[in-house]
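Numbering (the numbering used here), first residue to last: 2 to 77.
For glycine and all other residues, C-beta sits at the position ideal for the given N, C-alpha and C.
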């Protein structure tokens, strides 16, 4: 398995089930590849942080969104 395929499986794991074979070959690849181990660790940290932010940050109201849109239009 090359690093591009490993990265694809790492990303895929966050959103849906991966097959037994994909898990097995990814573990084998990560055992041998320090860069992909780091990528998997970093993406896990980022996913955790993003989910924490999305649950803590309040959503904008429709009025607030309109104000932002109007401000952006005026700057163009």
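N- and C-terminal bounds of the alpha helix (DSSP H) containing residue i
i, result
"residue 18", "Note, residue 18: premise wrong, no alpha helix (DSSP H); not H, not E."
"residue 63", "63-76"
"residue 51", "35-57"
Near the ligand ATP: residue i beta-carbon under 7 Å from a heavy atom
i, result
"residue 51", "This structure simply doesn't include the ligand ATP, nor any ligand for that matter."
Nonlocal neighbours in the same chain, by C-beta distance under 6 Å from residue i, ignoring five residues either side
i, result
"residue 41", "11"
Pair within 8 Å by beta-carbon distance, residue i and residue j
i, j, result
"residue 8", "residue 30", "no"
"residue 19", "residue 28", "no"
Own chain residues within Cβ distance below 7 Å of residue i, not counting five before or after
i, result
"residue 4", "34, 36, 37"
Three-state class that DSSP yields for residue i in the structure shown
i, result
"residue 12", "helix"
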